[in-house]
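Visitor:
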Amino acid sequence: FRTYGNTYPARAVALITFDGGFCTGTFYGSNVVLTAGHCVHSGGSGGSWKTNVRVWPGYNAGSAPYGSFPARTLHSVTGWTVSGDERFDYGVIKLSTNAGNTVGWFGHFWQTASLTGLPSVIAGYPGDKSPSQSQWMSVDIVRDTQERQVFYKNDTAGGMSGSAVWHDRPAGSSFCADGPCIYAIH
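Residues in the sequence shown are numbered from 13 upward in steps of one, following this note's numbering.
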């Protein structure tokens, strides 16, 4: 279903543009945007870093209510930038501004136990929807948990790469309490 970027958490979801394409990212701190590794680096030892990367929080079909910000630095891990291993396809964009203080950001949690059965919520910018570069959300459950990967059947399309996979934690949870908590990257 379609979402709109003027309320939290939709405004903490960002369109990421770069030369030759676009992805999705999620604010993870005041100046940190979490995304897929292939949204910042093409992967593998022969790969290259993306150029002219910009972050557009809460963007929706031509409306940029919070403006856009150039990436200060791009980061990923060697499992992606050297090996191109899909289990390590995650990255971070650091900004020179603290836009997250305005739009908010998601919490996170990591655990080694199975996540099978946990709700999986994904919000991002699927390239197959109209109007172009509008924000959409899909909800399902984790169907299978493997080492460094979870599998779900959320409705997604190109452009949603880098979307956070999250669910709302109830108030009083022992970690990542009261709000959207990231546990994987699409």
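For glycine and all other residues, C-beta sits at the position ideal for the given N, C-alpha and C.
Whose C-beta lies closer than 6 angstroms to the C-beta of G56 among residues of the same chain, with five residues either side of it excluded?
Guide: Taken in chain order, the residues that qualify are G96.
Visitor: What's the gap between the Cα of F121 and the Cα of C35?
Guide: Taking the straight line joining both Cα atoms gives about 23 angstroms.
Visitor: Near S146, what residues of its chain come up, given a Cβ to Cβ distance below 8 angstroms and the 5 sequence neighbours on each side ignored?
Guide: R14, N72, A73 and Y137, listed in sequence order.
Visitor: What span of residues does the alpha helix (DSSP H) with W92 cover, start to end?
Guide: Here the alpha helix (DSSP H) through W92 covers T90 to T93.
Visitor: Taking Cβ positions, are A196 and V151 nearer each other than 8 angstroms?
Guide: For A196 and V151, no; Cβs fall outside 8 angstroms.
Visitor: S175: buried (16+ other C-beta within 10 angstroms of its C-beta) or exposed?
Guide: With 16 or more Cβ atoms within 10 Å of its Cβ, S175 is classed as buried.
Visitor: Decide yes or no for the touch test of the stretch 14-32 against the stretch 102-119: beta carbon pairs closer than 8 angstroms, at least 3 of them.
Guide: Touching, per the Cβ criterion.
Visitor: Expressed to the nearest angstrom, what Euclidean distance is found between the alpha-carbon atoms of V177 and P192?
Guide: Answer to the nearest angstrom: the Cα atoms are 10 angstroms apart.
Visitor: Does DSSP classify V115 as helix, strand or coil?
Guide: DSSP places V115 in helix when its eight states are reduced to three.
Visitor: Please list, in chain order, all residues of the same chain as G139 whose beta carbon is under 6 angstroms from its beta carbon, the five residues on each side excluded.
Guide: Closer than 6 angstroms at Cβ, skipping near neighbours: A169, G170 and G171.
Visitor: Where L27 and V154 are concerned, what is the direct C-alpha to C-alpha distance, given to the nearest angstrom?
Guide: Going from the Cα of L27 to the Cα of V154 covers about 24 angstroms.
Visitor: In whole angstroms, give me the CA-to-CA distance for D167 and V133.
Guide: Rounded to whole angstroms, D167 to V133 spans 10 angstroms at the Cα level.
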